[in-house]
Amino acid sequence: MAAARVSAAGTASVVAAAIAVAVLLVAPATAARYPPLEKGLSFEFYKTSCPKAESIVREFLRSAIQRDVGLAAALIRLHFHDCFVQGCDASILLDKTATEPSEQEAIPNQTLRKAAFKAVNDIRDRLERACGRVVSCADIVALSARDSVVLGGGPEYKVPLGRRDSLKPASEKDVNDALPPPTSDVPTLLSFLSKINLDATDLVALSGGHTVGIAHCGSFDGRLFPAQDPTMNKWFAGHLKLTCPAKGVDNTTVNDIRTPNAFDNKYYVDLLNREGLFTSDQDLYSNATTRPIVTKFAVDQGAFFDQFVFSYVKMGQIKVLTGSQGQIRANCSARNPGGSLPWSVVETVADAAESLVL
């Protein structure tokens, strides 16, 4: 009987523990933290002018990412590359013209996926049909990045809206000066981020975007050849050499070996196991300043999600254009004719005629 009571008590304890875990799993997430909003931005910017804007973006991407799972990582990366250079102004989207180069031609941007640029313009077309020309390309990039995070299993969060689109791209020098190469160590990374008011915690959280996506061999093969980087796990190095058997081979591999298409905290688990792909990844764990943050995120996905939202929204407000600055592009890949005209909705001849007072 005593044994039976002990067994029953043990079973009850297990059941209670299981219930407690289940409650934790279904409990509502803690409300997201947000940095202060820049003047001119609002979480409800399109509430009146385009109330279905966010649902239009979400539904388009839900279908598009089902067809091409890699699109999510491409859109997340596009937002990074837009904001780090000249601010979050959609300048990265501008194509080359006869008189002006494109940011896309700069070396750090040459591996941005064309599918991401097409998705932004496809979304823009749908938004214009629904609401007219009121939603900026810069806001579409920010919303697309958020929805890519969410559709990949990451945290849901609000996006401050009201950005406007730039009238010109950044120079190649500006791009190179703003985007640190994947061979950078933590001090170098922090020197880049300090220029845009991002700190070590932001660095580690934003690097978590590498939990999805792919990388070209050339961005990390210096860690394999001519000699293996001692900070890299030997098994992992051997695995990478199956894809990148020699320096200069232009193949690709996943950023996160554990869950390559899921937005989760496994990227940090990779780093703890010395399986970070880039020098800029693995040095986050080697460096004494950032190692505790990496460790925290590796064991606590909720802590990562919380900080990622805060840092990503903070990044998404770098040097934004608002109010009458810039323009709302009719085509995200090109400036509107006339360049500096500030209007966001173009009147048709009929609209203009109706507005005349005779």
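Just so we're aligned: 209 in our numbering is position 208 of the sequence shown, and the numbers increase by one with no gaps anywhere.
All C-beta atoms in this analysis are idealised placements derived from N, C-alpha and C, irrespective of residue type, glycine included.
If you're wondering where the values come from, they're calculated on a predicted model, not measured in any experiment.
In the structure shown, Q328 falls within a strand segment according to DSSP collapsed to helix, strand and coil. Two segments are said to touch when three or more pairs of C-beta atoms, one from each, lie closer than 8 Å; by this definition the stretch 298–317 touches the stretch 195–214. When DSSP states are grouped into helix, strand and coil, V255 belongs to the strand group. A straight line joining the alpha-carbon of L62 with that of R147 spans about 11 Å. Apart from the 5 residues on each side of it in sequence, Q308 sits with its Cβ closer than 6 Å to the Cβ of A206 in its chain, given in chain order. Per DSSP, I215 lies in no alpha helix (DSSP H); the unbroken beta strand (DSSP E) holding it starts and ends at I215 to H217.
Beta-bridge pairing by DSSP links R165 to L322. 8 Å or more divides the Cβ of S281 from the Cβ of P188. The shortest C-alpha to C-alpha distance from N262 to any of P231, V150, C218 and L191 is the one to V150. The stretch 77–88 and the stretch 110–120 touch, with no fewer than 3 CB-CB distances between them shorter than 8 Å. Each residue's CA atom was taken as its position, placing L322 and A216 some 31 Å apart. A33 sits in coil when the DSSP states are folded into three classes, being neither helix nor strand. Spanning the alpha carbons of R78 and R114 requires a straight line of approximately 9 Å. Taking a contact as a CB-CB distance under 8 Å, the pair L42 and P161 counts as one, their CB atoms being some 4 Å apart. With contacts defined by Cβ atoms closer than 8 Å, E39 and E106 do not form a contacting pair.
About 5 Å separates the CB atoms of S167 and G327; that is less than 8 Å, so the two are in contact.
The three-state secondary structure of A107, taken from DSSP, is coil.
Between the stretch 125–145 and the stretch 51–71 there are three or more C-beta pairs closer than 8 Å, enough to call the two in contact. At least 8 Å separates the beta-carbon of R292 from that of Q283. If one requires a minimum length of 3 residues, the beta strand (DSSP E) runs lying completely within the stretch 168–225 are 215–217, in chain order.
Straight-line measurement puts the Cα of F279 at about 7 Å from the Cα of S220. The continuous alpha helix (DSSP H) containing K297 extends over residues R292 to V300.
Residue environment analysis places Q67 among the exposed positions, since fewer than 16 neighbouring C-beta atoms fall within 10 angstroms of its C-beta. Going by beta carbons, C245 and N252 fall inside the 8 Å limit.
Inclusion of V58 and L144 in the CB contact set at 8 Å is warranted, their separation being smaller than that value. Counted as a single uninterrupted DSSP element, the alpha helix (DSSP H) harbouring F85 occupies residues G71 to F85.
A straight line joining the alpha-carbon of S287 with that of K248 spans about 24 Å.
When G239, Y268 and T290 are compared, the shortest CA-CA separation from F306 is found for Y268.
Assignment of S334 by DSSP, reduced to helix, strand and coil, places it in the coil class.
Membership of E276 in any alpha helix (DSSP H) is not indicated, and neither H nor E is assigned to it by DSSP. Shown here, S43 sits in a strand according to DSSP, grouped into three states.
The three-state reading of DSSP puts Y158 in coil, since its state is none of H, G, I, E or B.
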